[in-house]
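K.L.:
Can you read through this structure? Questions will come right after.
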């Protein structure tokens, strides 16, 4: 028996709730009967009076059960509280981006270009869109950890909201709530929506993109494709070419499945591409046309070109590992390298698994099940289109991440979180409706079993962390799966109990890792979610293995040099200045007593990870003591702040330092612009030795900060000739000054 088309109307012009896909079989026993979708072009809600705005916000759709809107609002509030909890524990988080935020709050030119300092010497190695919300927040509320990180947390809440909205329209509120909760409780999402890297904005805009494409598949209106293009364009301005990863599956999907003529489909895709070019290209055009002499150097590039940065260091170089100016790539085709193993199982290995993969086996099972269920549906079926949109984005991103041989950090996988959560929400809901069929109940049971078994494996990798939890996950998951096998023989309450037990077991592991993540401060350039030992880089190229940290796996408990675990910074709400730890390159979970030797080898106790090159020696390029390492900031003493702040207004730059993390720490501590010689790695050819000498002769730089960069002199693994040449010239020409444990050179005082 089929139902009649739903003729209900809503006050706000949206389609009826929970329309069932065309071609989908009727619900199984105990499941609700599906409703036909509304006719394209017919807008429900015509002629009905609009209710007050607050009433609509509180109550939601008139046909919804009373629990739906409170549950949705509760999800948003809970996500906000989770992501805002103890946010200042991370201090300035990644000081590289925080320094650019500070600069943008002081100079509109620095704001526009994404400069590392307000005097506009060099930019960050990404476009500036992700910096803009944080810089505006700092302009309004002043420089602090909260002002920088709250916009990131709000992006996390918005991402959950858009994900719920996308699934709720077609699959019902339960699907949206499940997906939103899975996203919020994914460890790497909890990490990055409380951090100031560009990945938070990227995840939000990619979710908006898929939402808009699905709205376009729903009714064929051009505006949704245009908005999707705008979202991708702004995502490009957040993290360049990574924003384009999901374009191929989405473009093919719309070209095949949209409910309009073929000619109109291609015209709409063309308009979407045009909107994308405009939304992302306006900034690129201005930067490329702006005279290079009057703008900052484009950080990360080797010839001061944003296009070269986009297609080189931040583009194809990330795929093939050929990244000029980088610290080196990885190994392709299942090999290992400095950035970990590559291959089909990369998302499941010890480096990445605990960040994102908890529900990945279940998502893959549910994706296949959803496509099988809709295999006989008509071309424009929206249920199948939704599975293809979210599932295609998941698979495309996962494959690229698995095989990219260049720079790859664990936190990149936050891009997978919305897609994975959506597939889980859709698949679980659709199969639950079809649970009267044996294959559907068995598939649900299989997904729960896979989640429980994989959760056990992941928790067993950190065997000292809540050792009882892995058994609870395994036993609870298997029990819930057994109940789902016989769900048709159970009463409604027992069936719901089995489903609830399965869901609880599936999310228990990631929830525990997420709570561990939000209870710990994170700082530096490489951060990971979960408890200590949850993510360990290995393979050739670094001593990753054993304890957390390694190369280049970052840590989360940045000590402040005396063994404590909090790393507050001025204005960050937790105390003293940021620290880069006590050692090496680039291990940023160096837990010791802060004692180092001049050769850069950490001598502190309980050293975790890292490589030589991080001491406080006068000429060293590593982190620790007074000088920042490649991936960590410096421990700026009060004596150093006083020294650099004195008469700083008489100079364009209070100081200059090799490497952006080194310069950023002093800039954040003093509030004065500090030039980052060589950009992030210290390898960019800016400024040249001749340019630097002219700056000094013109009296524009007061001090040179010893240390920083890539952990050595010139050559492999060291700084370029420009940076090392500047360092050699300064140390041979100017007077050395010490302040605390740091060494400076006064560029206004020649050596004796």
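In our numbering, the protein residues as written are 584 to 1335. Ideal placement from N, C-alpha and C gives every residue a C-beta, glycine not left out. Predicted, not measured: the structure shown is a model, and the values here were computed from it.
Helix, strand or coil for residue 1219? Go by DSSP, reduced to three states.
P.N.:
Of the three classes helix, strand and coil, the one that applies to residue 1219 here is coil, per DSSP.
K.L.:
Counting beta carbon pairs with one atom in the region 965 to 979 and one in the region 1062 to 1069, are three or more of them shorter than 8 Å?
P.N.:
Taking 8 Å as the limit for Cβ pairs, the verdict is that the region 965 to 979 does not touch the region 1062 to 1069.
K.L.:
Rounded to whole angstroms, how far is the Cβ of residue 721 from the Cβ of residue 698, which I believe are closer than 8 Å?
P.N.:
About 14 Å; that fails the 8 Å criterion.
K.L.:
Could you tell me if residue 1001 is buried or exposed, where buried requires 16 or more neighbouring beta carbons within 10 angstroms of its beta carbon?
P.N.:
Classification for residue 1001: buried.
K.L.:
Evaluate residue 845 with the Cβ neighbour count: other Cβ atoms within 10 Å of its Cβ, from every protein chain shown; 16 or more gives buried, anything less gives exposed.
P.N.:
Burial call: exposed.
K.L.:
Can you tell me which of 831, 840, 1332, 644 puts its alpha carbon nearest to the alpha carbon of residue 755?
P.N.:
Selected option, being the one with the closest Cα: 644.
K.L.:
With DSSP collapsed to three states, give me the class of residue 844.
P.N.:
Three-state result, residue 844: coil.
K.L.:
Beta carbon of residue 784, beta carbon of residue 997: below 8 Å?
P.N.:
Not in contact: residue 784 and residue 997 (Cβ atoms no closer than 8 Å).
K.L.:
For residue 1328, write down the residues that DSSP places opposite it in a beta bridge.
P.N.:
Answer by DSSP bridge pairing, in chain order: 1287, 1319.
K.L.:
Rounded C-beta distance between residue 667 and residue 773? I'm assuming under 8 Å.
P.N.:
With a Cβ gap of about 11 Å, residue 667 and residue 773 do not count as contacting.
K.L.:
Nearest to residue 945 by alpha carbon, out of 1107, 883, 1014?
P.N.:
The shortest C-alpha separation from residue 945 is found at 1014.
K.L.:
Are the CB atoms of residue 675 and residue 731 within a distance shorter than 8 Å?
P.N.:
Cβ atoms of residue 731 and residue 675: closer than 8 Å.
K.L.:
What first and last residue would you give for the beta strand (DSSP E) that runs through residue 1260?
P.N.:
Residues 1257 to 1260.
K.L.:
Could you give the DSSP three-state label for residue 935: helix, strand or coil?
P.N.:
Coil at residue 935, not helix or strand.
K.L.:
In angstroms with no decimal places, state the Cα-to-Cα distance between residue 708 and residue 825.
P.N.:
Rounded to the nearest angstrom, the two C-alpha atoms are 14 Å apart.
K.L.:
Can you find the residues in the same chain that come closer than 6 Å, C-beta to C-beta, to residue 1032, ignoring five residues on each side of it along the sequence?
P.N.:
So the list reads 1064, once near-sequence residues are dropped.
K.L.:
Would you check if there are 3 or more beta carbon pairs closer than 8 Å linking the region 1276 to 1292 to the region 1317 to 1331?
P.N.:
The answer is yes - the region 1317 to 1331 touches the region 1276 to 1292, with three or more Cβ pairs under 8 Å.
K.L.:
Below 7 Å CB to CB, which residues in the same chain sit around residue 810 once its five sequence neighbours on both sides are set aside?
P.N.:
Here the set comprises 795.
K.L.:
Which residue's Cα is closest to the Cα of residue 1253: 1029, 788, 686?
P.N.:
Of 1029, 788, 686, the residue nearest in Cα terms is 686.
K.L.:
Would you check if the distance between the CB atom of residue 866 and the CB atom of residue 710 is smaller than 8 Å?
P.N.:
Yes, these two residues count as a Cβ contact at 8 Å.
K.L.:
Out of 933, 704, 803, 934, point me to the one whose CA is closest to residue 882's CA.
P.N.:
Cα-wise, what sits closest to residue 882 is 704.
K.L.:
Consult DSSP for residue 874 and reduce its assignment to one of helix, strand or coil.
P.N.:
DSSP places residue 874 in coil when its eight states are reduced to three.
K.L.:
Do you know how far the Cα of residue 1308 is from the Cα of residue 886?
P.N.:
Cα-Cα distance, rounded: 19 Å.
K.L.:
Check the C-beta distance from residue 803 over to residue 843 and give it rounded, since I have them as a contact under 8 Å.
P.N.:
The pair is a contact, with the Cβ atoms about 4 Å apart (cut-off 8 Å).
K.L.:
Return helix, strand or coil for residue 1266, following the three-state DSSP convention.
P.N.:
Of the three classes helix, strand and coil, the one that applies to residue 1266 here is coil, per DSSP.
K.L.:
Would you be able to state if there are at least three C-beta pairs under 8 Å between the region 1049 to 1060 and the region 1084 to 1092?
P.N.:
In short, these stretches touch, since the Cβ pair count reaches three.
K.L.:
Mapping DSSP to helix, strand and coil, what is residue 709?
P.N.:
Coil at residue 709, not helix or strand.
K.L.:
Give the DSSP-derived three-state secondary structure of residue 1165 in the structure shown.
P.N.:
The predicted position of residue 1165 is uncertain, since its pLDDT is 32 and thus under 50; no value can be drawn from it.
K.L.:
Taking the alpha-carbon positions, what's the residue 860 to residue 787 distance?
P.N.:
Straight-line Cα distance between these residues: approximately 19 Å.
K.L.:
One question on the structure: do residue 792 and residue 766 come within less than 8 Å of each other, judged by their Cβ atoms?
P.N.:
Not closer than 8 Å, so no.
K.L.:
List in chain order: all unbroken alpha helix (DSSP H) runs of 4+ residues lying wholly within the region 1033 to 1112.
P.N.:
Taking only runs of at least 4 residues, the alpha helix (DSSP H) segments lying wholly in the region 1033 to 1112 are 1050 to 1068, 1075 to 1101.
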